Amino acid sequence: MSRRRSDVVFNRKTVLELAGLLLVGVVLFLATGHPWLGVVLPSLRAGWRSLRTAAWVFAADPDRRRAVVGGVFCLALGCWKVAAMSATTVLVMVVVAKATGQLPRMERFAAVMITLTGGIVLTSLIGLLATIGARAARIRLWIHPALPEILGDVLKGGDSGTVPPGFNHAIFVLITSLATPALASAGYILIQPGSVLRAMLVFGLMVVLVIVSYGFLARRIIADHPSQCWGRLREAEDGDP
75 MSRRRSDVVF NRKTVLELAG LLLVGVVLFL ATGHPWLGVV LPSLRAGWRS
125 LRTAAWVFAA DPDRRRAVVG GVFCLALGCW KVAAMSATTV LVMVVVAKAT
175 GQLPRMERFA AVMITLTGGI VLTSLIGLLA TIGARAARIR LWIHPALPEI
225 LGDVLKGGDS GTVPPGFNHA IFVLITSLAT PALASAGYIL IQPGSVLRAM
275 LVFGLMVVLV IVSYGFLARR IIADHPSQCW GRLREAEDGD P
């Protein structure tokens, strides 16, 4: 099987698993009325691969500084995916509940939303720590939930895996880490009594600050290719034409 075909099958399997768990979650919610039952399965599945990859990086990378920074970034990515899938699941549950005439009890969603907010805050804190570590260690990061399959034996000086590089998911962590504290601060200012113009000006300045900070940091800690982070990727001689 070629690397590209492996990538397609890998992604299709993951999407189908998440869709199936999302469906199960919605059914559990409709049957019990408890939204957290519907959120747990798809959210944990969404973040599991990234959390597993974090453990793999900690254990497999011989460069300990890179292992710590890369592993923490993968951990933050796992938290990000849990929060993102939780938000998606809650949205789907609310839409389905209204479509079926079962008005959701919002007090039951409160615990889920608090957990979701906590996940976003945790992602931001972990991501900020990892960003500071990457900048201090002068490491450019390239992370992906399928990093073990992408790298293969590269960390041992061998051939790369069967899954080709995709999108650098470190971008998600960096954006969330910068945007969450900035938007939280702007939101706090917006709800304070005072001039609306002043509040909007502060909000605009926060957005500009996030954009400028991302541009500055992305050039220094976000890699364009896995080889800029983990070393040269070599394909095995498998006899494919």
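For what it's worth, this note's numbering labels the leading residue of the sequence shown as 75, then goes sequentially.
The beta-carbon is built from N, C-alpha and C at its ideal position, and this holds for glycine as well.
Note that the structure is predicted; figures quoted are calculated from it, not measured.
Asked	Found
Those runs of the alpha helix (DSSP H) which lie wholly inside the region 198-286 and span at least 4 residues	221-225 and 244-264
Any 3 or more C-beta pairs closer than 8 Å across the region 167-176 and the region 277-286	no
Residue closest to A258, alpha-carbon to alpha-carbon, out of A273, A128 and A244	A273
Cβ shell of D135 (< 7 Å), same chain only, five flanking positions each side left out	A141, G144 and L229
Buried versus exposed call for G201 [16 or more other C-beta atoms within 10 Å across all chains shown]	buried
Pick from L291, D298 and S124 that is closest to R209, judged by C-alpha positions	L291
Distance between A158 and G305 (C-alpha atoms, nearest Å)	30 Å
Boundaries (first-last residue) of the alpha helix (DSSP H) holding T163	R138 to A173
Sub-8 Å separation of I224 and P239 beta-carbons	yes
Own chain partners of L252 with C-beta closer than 7 Å, once the 5 adjacent residues on each side are dropped	V284, S287 and Y288
Length of the line joining the Cα atoms of F147 and L271	37 Å
Whole-angstrom distance between L190 and V282, CA atom to CA atom	26 Å
Buried versus exposed, by CB contacts within 10 Å (16 or more), R123	buried
Buried or exposed by the 16-neighbour rule on C-beta atoms within 10 Å, applied to A93	exposed
Buried or exposed by the 16-neighbour rule on C-beta atoms within 10 Å, applied to I188	exposed
Run of the alpha helix (DSSP H) containing Q176, from where it starts to where it stops	Note, Q176: premise wrong, no alpha helix (DSSP H); not H, not E.
Nonlocal neighbours in the same chain, by C-beta distance under 7 Å from V100, ignoring five residues either side	G112, V166, M167 and V170
One or two residues paired with I296 in a DSSP bridge	L215
Cβ neighbour criterion (16 or more within 10 Å) applied to P300	buried
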